[in-house]
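Structure first, then comments.
Chains as they are written, first to last, in the UniProt record's numbering: chain E, 1 to 397; chain V, 1 to 397.
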């Protein structure tokens with residue numbers, strides 16, 4: 001008689017269900033239902049979330065008092081029964097502040113609970129090699145500017161989320177490595193005391209979340225590829241980001257493509273970034289790095305420049321090989337190209353798709369180009385704050 | 001003013017919390033606590049799961065009446081206070097039947113709620129090219145045999161879980177492809193009407209679950225690599241299997257390693273299986289395929305056979321390159337080698353780890369060898385049934 005380890009896992013036990021926990025989750029369900037499908041009457045909310053109308057009324061009263069929901073007045077007459085008042089999430093009240101530290105730009109925006117961008121500011125600046133403190137100081141002055149604008153419209157910032165082009169340690173504000181900025185173990189929380197709840201994450205992660213929350217019918221499982229100078233990816237599984245043990249998942253740029261290929265600063269050889277990163281493509285095309293590098297590449301490619309097209313062909317092929325591995329490992333519904341890549345898609349896609357088609361048997365997966373383009377990470381950051389309000393409205397109210 | 005898509009997602013709404021749902025979840029919490037940490041008194045269960053002793057007593061009474069928990073009699077005297085009766089999960093009652101269809105063997109076992117293997121049967125048989133029906137007919141006679149044994153000991157099978165060396169369509173009983181058996185779109189549910197609840201899954205998935213449930217302190221995030229004739233992997237993320245959109249995630253064997261390498265039956269070129277699959281290694285070592293192929297390789301390698309060691313060096317290097325990509329994409333805490341691979345680990349690991357060490361910056365991840373070895377998938381299958389009982393005891397009671 002063999003005997004295994006005792007069954008079950010402590011993790012399963014979790015906290016017990018309590019009345020208080022149920023109430024918080026039901027408040028969140030009401031907020032999510034109205035945010036996603038509103039304006040809705042109380043009866044329609046009740047039908048959507050499967051609670052009684054009386055229970056929903058109590059929850060709605062609490063959310064209205066807290067300024068998170070507002071009444072739009074009676075629904076249009078002519079319907080059967082007593083007219084109900086339509087509910088919408090508040091266009092005042094809590095707002096999300098999103099910020100982006102790019103290699104060559106800074107950007108900030110404020111989004112309200114309805115998803116509208118209510119203020120925005122940005123600045124072109126070469127951040128390569130700049131120390132974190134002055135970069136964050138510049139960012140902070142933009143943040144102050146948009147918050148002032150938003151407050152004039154009756155909004156109140158519920159949090160700040162910052163997208164960075166680097167690896168962010170899980171559940172922390174620390175950028176472990178951002179090679180293209182030259183940052184290492186940079187604790188943004190310590191350098192940026194705003195008084196607001198703070199979230200720091202990789203730009204590809206926020207880009208993927210934006211796709212999930214704002215995209216047109218995004219699948220529940222996809223791989224979001226985002227490239228600028230580096231190449232990052234983010235994996236969404238069952239509608240949630242897969243972050244990895246340390247928060248470093250998605251390093252598509254360092255998947256080996258030709259294992260004996262050129263040395264990569266990461267220590268490896270023949271990594272994807274050596275073929276499909278912005279600088280590698282410029283080098284292969286015989287062009288000098290400058291400003292608006294992607295614009296230069298797409299203009300030249302559109303003009304029929306053979307060396308640029310050849311470099312993009314190599315890049316597309318290398319992307320297709322690296323993505324074959326990723327698709328075989330992860331079986332996503334779709335691969336979505338975002339960021340700078342989306343502007344080069346016309347010249348990359350045919351080669352990328354040819355490799356996938358040749359190497360993957362069965363139905364494979366769709367390749368699509370993000371419609372949010374370079375705005376994805378910034379919008380994803382602002383919406384991350386909004387989602388945290390919808391997920392736990394009483395924590396804010 | 002830009003305006004995004006309405007916020008929130010319908011998926012969030014989910015079913016509302018109800019008293020009935022709370023009761024079912026709390027019954028499951030009691031079962032998991034006793035299974036993982038028992039024997040436990042009612043007071044100890046209450047402390048572990050954070051409910052009152054009175055609430056736990058009611059739940060325990062229901063589980064005892066259903067034959068899922070049993071009283072072991074009063075705890076030993078000498079403790080402070082009134083002695084409580086210790087509770088354990090029942091050694092009779094529901095049991096899990098696990099089965100494995102291997103390329104060259106069939107195996108079946110019965111596991112009780114305490115995790116003990118109570119009956120076991122197996123048969124060596126070359127299943128390559130055999131039609132599904134006779135293979136499943138052979139399997140079924142083994143299943144009947146172990147169930148008869150188990151019933152004599154007062155156990156009653158709560159379900160049957162079958163591990164197969166192929167891709168199983170998600171939430172189905174259909175083997176989409178099992179190239180090494182020659183099966184395609186094989187609906188095991190239709191061919192095997194047992195009257196028992198049935199689960200069919202890939203052997204690497206069950207191997208990973210066994211590691212998670214029965215391994216020594218398994219991490220919550222790991223990549224489980226399992227090789228026999230093919231090479232499969234399973235990804236565990238936050239303690240859960242990542243299955244992929246269609247259920248096909250984990251195809252490590254078809255990650256490109258040398259993109260211009262030999263043609264692979266999958267349609268690609270230079271896939272990992274072309275360097276590290278059992279047949280590729282035998283071919284590279286100049287050996288003929290036969291029975292106990294892994295045994296032959298490990299014996300020859302131990303004897304110092306240079307051509308075998310060379311073939312295993314190439315295999316280890318290829319594994320290291322493919323795993324570099326996987327680790328960069330997924331950031332797991334550990335890579336665990338299971339199945340036949342575990343027996344060849346002494347000759348594979350140095351080369352595998354050298355590639356990972358050279359190519360991955362930062363702390364990387366641990367590489368470990370499974371202690372369950374070739375038994376992993378079979379045990380994982382039987383325990384999958386046991387877990388379903390612990391997860392929803394009232395569904396069984």
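Positions of the beta carbon are idealized from the N, C-alpha and C atoms, including for glycine. Since the model is a prediction, treat every value here as computed from it, not as a measurement.
Report the neighbours of residue 202/E on chain V: residues whose CB is nearer than 8 angstroms to its CB, in chain order. Those do not exist, as residue 202/E stays about 12 angstroms from chain V at its closest Cβ, beyond 8 angstroms.
In angstroms, rounded to a whole number, what distance separates the CA positions of residue 348/V and residue 374/V? 17 angstroms
For the beta strand (DSSP E) containing residue 202/E, list its first residue and its last residue. For residue 202/E, the uninterrupted beta strand (DSSP E) segment begins and ends at 198-202.
How many Å lie between residue 207/V and residue 267/V at the Cα? 27 angstroms
Roughly how many angstroms lie between the CA atoms of residue 71/E and residue 187/E, to the nearest whole one? 42 angstroms
Any beta-carbon of chain E closer than 8 angstroms to the one on residue 211/V? Residue 211/V is outside the set of residues whose beta carbon lies under 8 angstroms from a beta carbon in chain E.
Helix, strand or coil: which one does DSSP assign to residue 219/E? coil
Is the shortest distance between the beta-carbon of residue 242/E and the beta-carbons of chain V less than 8 angstroms? yes
What is the residue span of the beta strand (DSSP E) that residue 400/V lies within? Any answer about residue 400/V is impossible in this case: the structure gives chain V only from 1 up to 397.
Do you know offhand how far residue 274/E's Cα is from residue 168/V's? Their Cα atoms are separated by approximately 36 angstroms.
Cβ pair residue 98/E, residue 226/E closer than 8 angstroms: Not a contact, by the Cβ cut-off of 8 angstroms.
8 angstroms Cβ cutoff met for residue 335/E and residue 365/E: Between residue 335/E and residue 365/E, the CB-CB gap stays under 8 angstroms.
Out of 249/E, 221/E, 216/E, 140/E, which has the shortest C-alpha to C-alpha gap to residue 205/E? Considering only alpha carbons, the answer is 249/E.
For chain V, find out if any of its Cβ atoms is closer than 8 angstroms to the Cβ of residue 251/E; answer yes or no. yes
Can you check DSSP and say which residues form a bridge with residue 85/E? 74/E
Would you mind stating whether residue 100/V and residue 176/V have Cβ atoms separated by less than 8 angstroms? In this structure, residue 100/V sits away from residue 176/V, with a CB-CB distance that is not shorter than 8 angstroms.
Can at least three beta-carbon pairs, one atom from the region 117-133 of chain E and one from the region 31-49 of chain E, be found at a separation below 8 angstroms? no
Report the residue from 57/V, 342/V, 174/V whose alpha carbon sits nearest the alpha carbon of residue 247/V. 174/V
Three-state secondary structure (DSSP) at residue 256/E? strand
Contact set between residue 333/E and chain V, taken where Cβ atoms lie within less than 8 angstroms: 245
Taking one C-beta from the region 223-243 of chain E and one from the region 237-247 of chain V each time, how about it: are there three or more such pairs within less than 8 angstroms? Contact between the region 223-243 of chain E and the region 237-247 of chain V is present: three or more C-beta pairs spanning the two stretches fall below 8 angstroms.
Would you please verify whether the beta carbon of residue 328/V is less than 8 angstroms from any beta carbon of chain E? yes
Check for me: the beta strand (DSSP E) holding residue 105/V runs from which residue to which? 105-112
Compare the C-alpha of residue 327/V against each of 261/V, 252/V, 88/V and name the closest. When each option's Cα is compared against that of residue 327/V, the closest is 252/V.
Report the three-state DSSP secondary structure of residue 186/E (helix, strand or coil). strand
Going by DSSP in three states, residue 7/V sits in which element: helix, strand or coil? Unreliable placement is indicated for residue 7/V, whose pLDDT of 28 sits below 50; the coordinate value is still reported in the next sentence. DSSP places residue 7/V in coil when its eight states are reduced to three.
Taking C-alpha atoms, which residue in 156/E, 380/E, 229/E lies nearest to residue 290/E? 229/E
Sub-8 angstroms separation of residue 423/V and residue 320/V beta-carbons: Residue 423/V lies beyond the range of chain V shown here (1 to 397); nothing can be said about it.
Interface flag, residue 359/E vs chain V, CB-CB below 8 angstroms: yes
Taking C-alpha atoms, which residue in 272/V, 300/V, 286/V, 284/V lies nearest to residue 323/V? 272/V
For residue 377/V and residue 60/V, the rounded distance between their alpha carbons: For residue 60/V and residue 377/V, the distance between alpha carbons rounds to 32 angstroms.
Determine the contact status of residue 218/V and residue 209/V, defining contact as a CB-CB distance below 8 angstroms. no
Is the Cβ of residue 248/E closer than 8 angstroms to any Cβ of chain V? yes
Run through chain E and tell me which residues come within less than 7 angstroms of residue 256/V, C-beta to C-beta. In chain order, 321, 324, 325, 359 make up the part of chain E whose C-beta sits under 7 angstroms from the C-beta of residue 256/V.
Cutoff 8 angstroms: residue 237/E Cβ touching any chain V Cβ: yes
Go through its chain and collect everything with a Cβ distance to residue 8/V's Cβ below 7 angstroms, but skip five positions before and after it. Confidence at residue 8/V is low in this model, with a pLDDT of 31, below 50, so the placement of that residue should be treated as unreliable; the coordinate-derived value is given next. None.
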